[in-house]
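Just so you know, the protein sequences line up as chains V and R, in that order. Position 223 (the first sequence) corresponds to 899 in my numbering; numbering is contiguous. Position 116 (the second sequence) corresponds to 792 in my numbering; numbering is contiguous. Backbone N, C-alpha and C fix where the C-beta goes; we use that ideal spot for every residue, glycine too. Note that the structure is predicted; figures quoted are calculated from it, not measured. For reference, the structure discussed in these notes is given below.
2 protein chains.
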Amino acid sequence: MTRNSAQPERGDARNLDFLSFGELKALLARIFRHAGASEAVAECLAANCAGCERDGARSHGVFRMPGYVSSIASGWVDAAASPRLEDVAPAFLRADAMNGFAQPALALAAPALIEKARRNGIALLAIRNSHHFSALWPDVEPFAEAGLVALTMVNSFACTVPFDGTSAVFGTNPIAFAAPRDGAPPLVADLATSAMANGDVQIAAREGFSLPPGQGVDQDGRPTIDPKAVLDGGALLTFGGYKGSAISLMIELLGAALTGGKFSYEVDWSGHPGAQTPHTGQVLILIDPDAGRDAAFAGRARALAERLGRVGVSRLPGDRRFRQRARSAAEGIGLVPADLARLRALAGPA
Amino acid sequence: MTRNSAQPERGDARNLDFLSFGELKALLARIFRHAGASEAVAECLAANCAGCERDGARSHGVFRMPGYVSSIASGWVDAAASPRLEDVAPAFLRADAMNGFAQPALALAAPALIEKARRNGIALLAIRNSHHFSALWPDVEPFAEAGLVALTMVNSFACTVPFDGTSAVFGTNPIAFAAPRDGAPPLVADLATSAMANGDVQIAAREGFSLPPGQGVDQDGRPTIDPKAVLDGGALLTFGGYKGSAISLMIELLGAALTGGKFSYEVDWSGHPGAQTPHTGQVLILIDPDAGRDAAFAGRARALAERLGRVGVSRLPGDRRFRQRARSAAEGIGLVPADLARLRALAGPA
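Structure follows, in structure tokens:
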């Protein structure tokens, strides 16, 4: 999530502790291992979460670590699960995350998926029985770095009211897209089809912010700007009225019906107090633009980006993250000392 | 386009002339042939346009016929073009519409595309050098009737301002999606990523309606509710703010960069007075849900649709069109006599 995000407060940079990406990743991996994650899962999720923090996507950065730990402790998600991959058709892979996280399943599938996309022009990965508690852009960006176009969609738990409906059926159902671009980082968009991302509502609640109007309803279905009312039995609305709702419907069908996973409204975590990681289904489509015999794709993407800049568009999807990534590489990743202390406590004895 | 549509006025049903689908299609085919279309193109477009009128999608129905005729007469589009198909990878087809309409290119490609999707699990068709002047749902619905999931996107001519930008770069850039559903017609969504569809702006201008606020800007970039100001040098906004703009950006990249076609801002029809058919690129992705070894897809789609009904959603995407189609089959397709007379005049001597 980028614009409209209620980011965690950080205060003055002079009061921050700075870690390198490697240091932060190692600390987060210790936390995951201490919580019960396998070595492979800990490495995968630590890289993902540290990457979000590094890139300034703080609603999916270290802010999420207590939620990961709590969810693993509740037994809701299996952080030691080994995903299973099934090659079901020349351009179609299925992955069963075995009630573990989606990212290790994607990491397992990625080499075969890339090979299928390069051979066939397009390929699809359907992940089921998975948990996704991070941003979606880390799932697509590496494919664009490899010259491919990637599109992914995830359904989750019922927290979003369909247009014209009275109670939540859809998840926040994000969609992310990445495309290679000559001479610049890829174009990478990531957006919830709910009016806001859940992480941003959680941050607003924690920090005491109000929501903009039109984002959510309370438990009685009445419009509210109180993030706590949205989280406590209320729900989000879809973005863009009936159009966003139609896209969210598509994501439910692809994330659950196509993968063989659960619809958002079928997810019941009431037996797992402390559970915070959404049980999800995920579809990822890779396209090889060179298969169209038009190797100019990345150059054309650059031309479009330049045109957008000439009409005043100040920031293209992904730009802010790449800028922050460069800054973090130079200066380190700044954390509030109290947050860093909390992370060290979560990591257990050294 | 469904909701929010400014539909043409029709008045009292007692004053309408009723035609069967076959009669309307034959009349429209005569018009296309008289305008210079080949037999194959005339049959294809007449079925498409009569189908829109039959289904109550009147912003893409017979209202469009003068635009088709004017555009063909201007030399902007070649209604006698024969599209060419290239099989470039096991799951990737390209079509060059040869400056003709997109629908004949899609019709040519469809059998091979279905076969590729069934064999590989997913397949992509990239159409370039095409014109698309109709709704998108007719392009995806037949695939869902055949048990496949279909997704398509089209870019067009610069008439939509990107979020944070000052002038038009994107087209209305619609996206359509269709999925099979047990025991009911497929779920079929079709939406412009501009705040409104161009056809609806044209109808509002013709009928003297104002637009809702927040849909468009005038030639100086100022917000306006005057449809004529939007059409006369002004532009539409994207739906859903920066999120709709990100989706429109994806559609530009897929519709133009992937297909080898033109970006919306590269289309220049100034040398063809009377031209009305947008020069487009189009991507269509077919997924075989059975490839996921989950033949239950259509049953699961039905379960989701039923759940949406239970929370008060009164109309699912496509529902209104299927209801109107049934009514038209029973009662005929009602046309205002003056409109029917205009169509007969366009058809030339019998």
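Taking 7 Å as the limit between beta carbons, can you name the residues of its chain near residue i, skipping five residues before and five after?
| i | result |
| --- | --- |
| Gln1000/R | Asp731, Gly732 |
| Tyr941/V | Ala834, Val845 |
| Ala932/V | Asn831, Lys938, Phe939, Gly957 |
| Arg983/R | none |
| Glu719/V | Ala705 |
| Asp1015/V | Val738 |
Can you find a CB in chain R that lies within less than 7 Å of the CB of residue i?
| i | result |
| --- | --- |
| Met926/V | yes |
| Lys919/V | yes |
| Ala1023/V | no |
| Ser843/V | yes |
| Phe973/V | yes |
| Met677/V | Caution applies to Met677/V, whose pLDDT of 29 falls short of 50 and renders its modelled position unreliable; the value that the coordinates give is listed next. Chain R, which has no Cβ nearer than 7 Å to the Cβ of Met677/V, makes this no. |
| Arg978/V | no |
| Ala765/V | yes |
| Phe853/V | yes |
| Gly916/V | yes |
| Leu800/V | yes |
| Gly931/V | no |
| Ala785/V | no |
| Phe846/V | no |
| Ala873/V | no |
| Ala922/V | yes |
| Leu867/V | yes |
Excluding five sequence neighbours on each side, which residues of the same chain lie with their C-beta closer than 6 Å to the C-beta of residue i?
| i | result |
| --- | --- |
| Arg794/R | Asp964 |
| Arg967/R | One point to set straight first is that residue 967/R is Ala, not Arg, in the sequence displayed. Gly797. |
| Ser810/R | Asn724, His736 |
| Thr953/V | Ser747, Val753, His807, Phe809 |
| Ser1004/V | Arg730 |
| Phe1107/R | No answer is possible for residue 1107/R: it lies beyond the span of chain R, which begins at 677 and ends at 1026. |
| Asp858/R | Ala974, Gly975, Arg978 |
| Ala1021/V | none |
Which partner residues does residue i have in the DSSP bridge list?
| i | result |
| --- | --- |
| Ala778/V | For Ala778/V, which the question treats as bridged, DSSP gives no partner whatsoever. |
| His808/R | None; His808/R has no bridge partner. |
| His955/V | His807/V |
| Ala799/V | Leu962/V |
| Leu827/V | Phe853/V, Ile961/V |
Are any of the Cβ atoms in chain V nearer than 7 Å to that of residue i?
| i | result |
| --- | --- |
| Thr900/R | no |
| Phe768/R | yes |
| Gly797/R | yes |
| Asp840/R | yes |
| Gly988/R | yes |
| Leu934/R | yes |
| Arg983/R | yes |
| Ala771/R | no |
| Pro742/R | no |
| Phe833/R | no |
| Pro861/R | no |
| Gly897/R | no |
| Ala967/R | yes |
| Pro993/R | yes |
| Leu913/R | no |
| Leu960/R | no |
| Phe939/R | yes |
| Ala733/R | no |
Considering only residues of the same chain and omitting the five flanking positions on each side of residue i, which have a CB-CB separation below 8 Å?
| i | result |
| --- | --- |
| Ala1023/V | Leu703, Arg706, Ile707, His710 |
| Asn691/V | Val1012, Pro1013 |
| Ala880/R | Ala682, Ser886, Leu887, Pro903 |
| Phe697/V | Ala726, Gly727, Arg730, Ser1004, Ala1005, Ile1009 |
| Ala756/V | Gly712, Ala713, Ser714, Val717, Gly776 |
**Request:** List in chain order: all unbroken alpha helix (DSSP H) runs of 4+ residues lying wholly within the segment 831 to 919 of chain V.
**Result:** 874 to 883, 903 to 907
**Prompt:** Which full runs of the alpha helix (DSSP H) of 4+ residues lie inside the segment 733 to 788 of chain V, going along the chain?
**Reply:** Entirely contained in the segment 733 to 788 of chain V, the alpha helix (DSSP H) runs reaching 4 residues are, in chain order, 741 to 749.
**Asked** At which residue ranges does the segment 692 to 734 of chain R contain complete alpha helix (DSSP H) runs of 4 or more residues, listed in the order of the chain?
**Response** 697 to 711, 715 to 730
**Message:** At 4 residues or longer, what runs of the alpha helix (DSSP H) sit wholly inside the segment 964 to 1013 of chain R?
**Reply:** 973 to 986, 995 to 1007
**Asked** Which residue spans inside the segment 916 to 944 of chain R form an unbroken alpha helix (DSSP H) run of at least 4?
**Response** 917 to 928
**Request:** Could you name the residues of the segment 1004 to 1015 of chain R whose beta carbon sits closer than 9 Å to any beta carbon of chain V, in the order they occur along the chain?
**Result:** none
**Members of the segment 810 to 827 of chain V that neighbour chain R once the beta carbon cut-off is set at 9 Å** = Flagged, chain order: Val825, Leu827.
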